[in-house]
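Residue numbers (UniProt numbering), protein chains in the order written: chain A, 1 to 622; chain B, 1 to 622. Written below as structure tokens is the structure these notes are about.
Here you go:
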């Protein structure tokens with residue numbers, strides 16, 4: 001029933017994409033590690049720390065850092081390598097992300113030559129384990145208003161880092177509770193009595209022996225729902241002094257006499273520029289979520305192909321559960337969406353790698369916010385579905401899905417709360433990415449929207465020529481890709497225009513309330529946009545695929561993604577006269593038929609993910 | 001903004017219901033126990049076993065057992081007492097359910113006087129810890145086809161209990177890995193070479209010293225996603241001999257010479273009658289899921305009322321997160337549904353307590369299947385939502401939601417897989433509960449449906465007179481309860497009639513395929529039915545509430561439940577011409593408005609659940 005082994009290989013190559021070599025190399029490196037089994041928390045943390053060294057020795061961290069410091073200058077490749085870690089132990093993935101992506105990435109992106117020279121090699125080699133200390137207990141999403149202060153003292157040419165109140169403690173900080181020696185601390189920079197907004201300062205938090213530095217208080221966050229191999233902690237600073245050179249001064253500097261200077265005017269703009277350079281973290285989380293989702297689906301599909309339940313009376317045989325429509329309905333649209341998100345992720349990684357101007361950068365930031373939200377929610381939902389689809393077996397740790405569920409749960413929260421991120425996406429769309437919008441308040445947004453035409457023009461992001469062709473020649477058949485694309489585009493345009501009209505009506509006095517009352521509308525607009533971008537990426541991938549058998553299969557998977565997405569929001573299409581009741585029912589029927597058609601291919605589709613077997617060792621997957 | 005303390009108390013009394021005294025007593029007993037904190041698995045199991053004794057000493061198990069053996073004969077009360085345990089440690093709740101509900105319940109329901117005399121006191125006192133060994137690795141849902149055998153040997157007047165193949169091992173059995181001394185083993189009863197279907201046999205599995213009995217192999221299921229205080233295990237029997245008297249012989253007996261007799265004809269009917277007597281377990285799980293949901297909502301609402309994020313520009317103050325529409329949308333419809341399910345649960349417990357004929361019993365079994373499925377899915381979804389609504393704090397174990405999530409996850413699977421249960425509900429509806437339908441195959445169902453009128457008559461289950469009045473005098477206003485009830489009824493009737501028409505077309509040859517192709521339709525019919533039954537229970541509860549302030553509040557909560565349920569399935573109402581696009585949008589708008597109206601009452605609504613503060617001790621709930 002399945003396609004040929006060569007067919008699976010062609011499918012896998014299509015998934016491997018631009019960073020195929022990095023991907024295969026990373027799979028090999030990961031495949032050489034051994035799953036930890038059941039460990040107590042401290043043992044587990046020790047195991048993760050040890051494996052991190054194995055990754056360092058295997059060259060994993062080199063990929064993304066500058067060649068002049070021993071790296072490979074491959075930004076896109078570094079995200080792909082991180083993504084592959086998502087097939088393995090997720091605590092290890094997150095710990096790697098904290099050390100090299102967040103900590104190392106901040107030093108690289110926010111620091112200057114001196115910092116790079118001094119720290120990057122030690123960061124890559126793990127000689128200097130570090131933390132990314134941004135979140136505070138009272139400010140998780142609204143990081144622009146963090147309360148930690150870094151006050152410049154010209155007499156000693158030092159910054160004094162301080163935690164002014166309990167809500168300003170740094171919280172959930174990875175690498176803080178056990179291993180970190182240094183932290184990139186985000187704090188309000190004050191010099192000469194003037195606050196210049198949030199900046200990043202390097203603060204040593206532990207001495208060579210592992211004891212907290214004077215004035216630094218460290219607390220363990222304790223057990224968590226998952227990711228217990230990562231040592232998250234809390235940090236308090238009591239007037240801790242660090243040299244002036246510890247300021248990561250690419251976007252704002254303080255002269256020895258205390259004079260502040262910055263290449264970017266405006267506190268808000270500066271802060272969001274700094275945040276923007278850290279976009280790789282968000283993109284990485286979306287990729288890691290994708291890998292975990294693939295692994296859960298691989299386990300559920302394998303089990304669904306062998307587990308039998310209830311007898312088919314005409315043959316007397318017990319029925320393989322994946323032959324039930326309800327089981328297909330659970331797994332196959334989720335599998336199709338996982339494919340779609342994979343290609344959207346690949347395209348986003350390319351955009352990150354190639355970004356060359358401000359407008360592209362802002363579009364990338366918006367894309368990263370949107371895809372991170374959609375991909376991590378998809379992960380949470382799909383892994384839950386896979387757990388349930390495997391029944392009691394899915395609840396046992398030995399079958400791996402329980403761990404995937406627990407570990408990925410926080411992905412919807414960290415690197416930006418999904419609900420907040422989708423609002424960023426909508427703001428970007430409403431302002432056509434003209435400028436950083438992170439610091440526009442509701443009234444600022446309302447004025448901005450009022451100044452714009454509310455006639456939204458959908459800009460196709462990928463494969464423009466192909467999509468133009470598909471749309472212009474399209475019929476109204478449900479399986480016509482051009483029709484599908486038109487539905488996605490039309491919905492985005494309509495939802496966005498309606499939103500713009502609502503927001504324009506706001507006055508200075510009621511702007512907050514108008515925005516708040518439209519919050520569900522805002523989230524819907526962002527979702528509709530992300531869905532469209534994802535579909536375009538899938539269309540482009542089908543078009544790129546040179547193997548005819550694999551391309552034909554991808555084409556059907558793309559149909560299932562498109563139609564199940566329309567089905568999920570068909571109330572909107574009905575409410576807005578885009579689907580007649582008859583046609584809406586036909587969409588559901590078409591999803592059922594696609595499930596039946598793809599069911600014999602399910603195993604091939606998960607095999608093509610190329611997950612190393614070492615990390616799929618579970619009784620249900622045998 | 002909230003109602004008076006007296007108002008909260010009136011609300012709580014309304015929730016307390018018919019078993020108010022049992023409920024308050026159980027809350028007091030539970031409130032006297034202390035949460036375990038973080039424990040290793042074996043320590044945790046020991047803690048749970050110890051607390052079980054505290055519950056026994058507190059009289060918890062007496063409630064449901066017969067007075068003649070020292071119990072209190074209060075079946076309904078026993079379910080309510082179990083439900084209250086859901087506010088505490090869920091491993092303890094489940095372990096109590098295994099010992100007294102499943103093991104003790106099976107001895108009580110399937111055994112006869114001799115068994116009761118011999119075992120019930122020892123079961124209540126924990127002198128005899130036991131297991132309920134039904135599920136096998138290869139047969140989790142299709143328990144009618146279990147493979148374990150109990151073969152009668154007239155020479156020694158013993159049953160020989162045997163595990164014939166690896167897939168027939170008993171799996172996920174609570175109390176098996178550490179504490180159980182005896183198991184109720186479900187097995188195919190064979191005597192004189194003839195199989196009489198599944199029966200239950202008491203098999204000692206450990207001796208007084210705790211070592212496995214000869215021929216019994218026990219394996220630990222190992223770590224699980226949650227409920228790690230419960231010792232789930234696997235059991236294999238190698239020709240284990242037990243005396244003839246160990247057969248729980250209420251529904252099938254074997255004479256010393258091997259002659260089989262039963263008061264019920266037909267293997268299938270007999271088996272489903274036996275299963276039916278165990279309905280209390282399913283009802284209890286629905287109740288426990290409700291308590292866990294309430295606790296998660298209480299935590300999320302308390303945190304949502306204190307946590308602030310982003311500044312409101314017109315006042316300069318940081319906004320309390322529960323003031324955001326998106327946050328209200330996450331928590332308040334879920335809270336309303338939790339109220340609705342509470343009242344439906346209460347009504348179901350009453351039906352269990354008062355059941356007096358076969359038809360009522362079958363209706364109860366169907367109700368239990370449906371509410372168990374809907375309540376446990378609601379729990380999984382709502383607890384997930386609460387976790388996300390609390391951000392990073394929600395991920396820390398100290399804030400309790402992580403544990404609730406992990407522990408309740410399997411509720412959608414155990415005591416019947418939800419998807420299978422909803423199919424049972426639909427079968428019951430299609431056959432008007434005329435007979436046990438568990439063993440009707442698709443072709444049997446098709447013939448049955450063909451013989452019936454396909455003109456479904458909705459039978460109101462609760463508060464018939466009130467609902468008749470509401471419906472007959474109803475306008476078309478969205479907040480008119482009569483209109484809401486009509487929508488629920490109309491949807492159920494239409495979906496069910498359409499389903500009946502589809503299934504009637506099946507022939508003997510294609511019956512399986514016709515049923516399989518309609519599986520999503522089947523599930524939808526069951527959901528629509530359960531939703532209606534739940535709404536009716538809520539309507540009855542509002543009507544019963546004598547305190548005007550509490551009644552007015554409940555009335556609004558009921559509106560939110562009804563309209564958010566219609567909103568969630570509004571695609572169906574649009575597809576079937578029940579809602580115009582304009583009106584569908586008005587439903588969404590009304591949900592938003594109800595969220596705003598109920599937001600100041602959110603804290604009162606969760607306070608009225610009466611969760612003991614000992615079990616709400618978390619930094620986010622301070």
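Here a beta-carbon is modelled for each residue, glycine too, at the ideal position from N, C-alpha and C.
Under the Cβ criterion of 8 Å, residue 387 of chain B is counted among the residues facing chain A. Interface residue (Cβ-Cβ distance to chain A less than 8 Å): residue 443 of chain B is classified as such.
Inter-segment contact for the region 85-104 of chain A and the region 42-51 of chain A is present: three or more beta-carbon pairs are separated by less than 8 Å. If the five residues before and after residue 475 of chain B are omitted, its C-beta is found closer than 8 Å to the C-beta atoms of 482 and 483, all from its own chain and listed in chain order. Among the CB atoms of chain B, none fall inside 8 Å of the CB of residue 27 of chain A. For residue 309 of chain A, no alpha helix (DSSP H) encloses it; the enclosing beta strand (DSSP E) starts and ends at 308-312. With respect to the 8 Å criterion, residue 614 of chain A and residue 95 of chain A are not classified as neighbours on the basis of their beta carbons. Distance from the Cα of residue 54 of chain B is smallest, within the candidate group B/76, B/299, B/489 and B/26, for B/26. For residue 183 of chain A, the secondary structure class from DSSP, reduced to helix, strand or coil, is strand.
For the region 193-222 of chain B, the beta-carbon criterion of a distance under 8 Å to any beta-carbon of chain A is satisfied by 221 and 222.
Annotation: residue 132 of chain A is outside any alpha helix (DSSP H); the continuous beta strand (DSSP E) that includes it extends over 130-133.
Residue 268 of chain B and residue 65 of chain B have their C-alpha atoms spaced approximately 28 Å apart.
Within chain B, no C-beta atom comes less than 7 Å from the C-beta of residue 119 of chain A; the nearest is roughly 27 Å away. Bounds of any alpha helix (DSSP H) do not take in residue 152 of chain A; it lies within the beta strand (DSSP E) bounded by 149-153. Among the residues facing chain B, residue 188 of chain A is not included, as its CB has no counterpart in that chain under 8 Å away.
For residue 303 of chain A, no Cβ of chain B is located within less than 8 Å of the residue's own Cβ. Using a Cβ-Cβ cut-off of 8 Å, residue 397 of chain A counts as an interface residue toward chain B, since at least one Cβ of chain B sits closer than that to its own.
Pairing residue 392 of chain B with residue 470 of chain A, the inter-Cα distance amounts to about 44 Å. In the DSSP annotation of this structure, residue 233 of chain B is not part of any alpha helix (DSSP H); the continuous beta strand (DSSP E) holding it starts and ends at 233-237.
Against chain B, the CB of residue 145 of chain A has a partner CB under 8 Å away; the residue lies at that interface. Against chain B, a Cβ distance below 7 Å from residue 613 of chain A picks out nothing, because the smallest value is about 21 Å. For residue 195 of chain A, DSSP records a beta bridge to A/190. Secondary structure at residue 260 of chain B: strand, using DSSP grouped into helix, strand and coil. With a beta-carbon spacing of about 5 Å, residue 537 of chain B and residue 462 of chain B fall inside the 8 Å limit used to define contacts. Taking C-alpha positions only, residue 325 of chain A is separated from residue 515 of chain B by approximately 9 Å. Think of a sphere of 7 Å around the beta carbon of residue 324 of chain B: the chain A residues whose beta carbon falls inside it are 516 and 519, in chain order. One alpha carbon belongs to residue 105 of chain A, the other to residue 16 of chain B, and they sit about 56 Å apart. Against chain A, a Cβ distance below 9 Å from residue 585 of chain B picks out 575. Note: residue 212 of chain B is bridge-paired with B/206 in the DSSP secondary-structure output.
Neighbours of residue 412 of chain B in chain A, taken as residues whose beta carbon is under 8 Å from its own, are 388 in chain order. Close to residue 163 of chain A, with beta-carbon spacing below 9 Å, lies no residue of chain B; the smallest spacing is near 17 Å. Within the UniProt domain "Acyl-CoA oxidase C-terminal" (492-621) of chain A, complete alpha helix (DSSP H) segments of at least 4 residues are found at 511-517, 519-544, 548-568, 570-575, 581-598 and 602-607, given in chain order.
In terms of Cβ geometry, residue 110 of chain B and residue 273 of chain B do not form a close pair [threshold 8 Å]. With fewer than three CB-CB distances shorter than 8 Å, the region 395-408 of chain B does not count as touching the region 325-338 of chain B. Against chain A, a Cβ distance below 8 Å from residue 38 of chain B picks out 222 and 223.
Taking a cut-off of 8 Å for Cβ pairs, the region 508-525 of chain A and the region 309-329 of chain B touch, as three or more such pairs fall below it.
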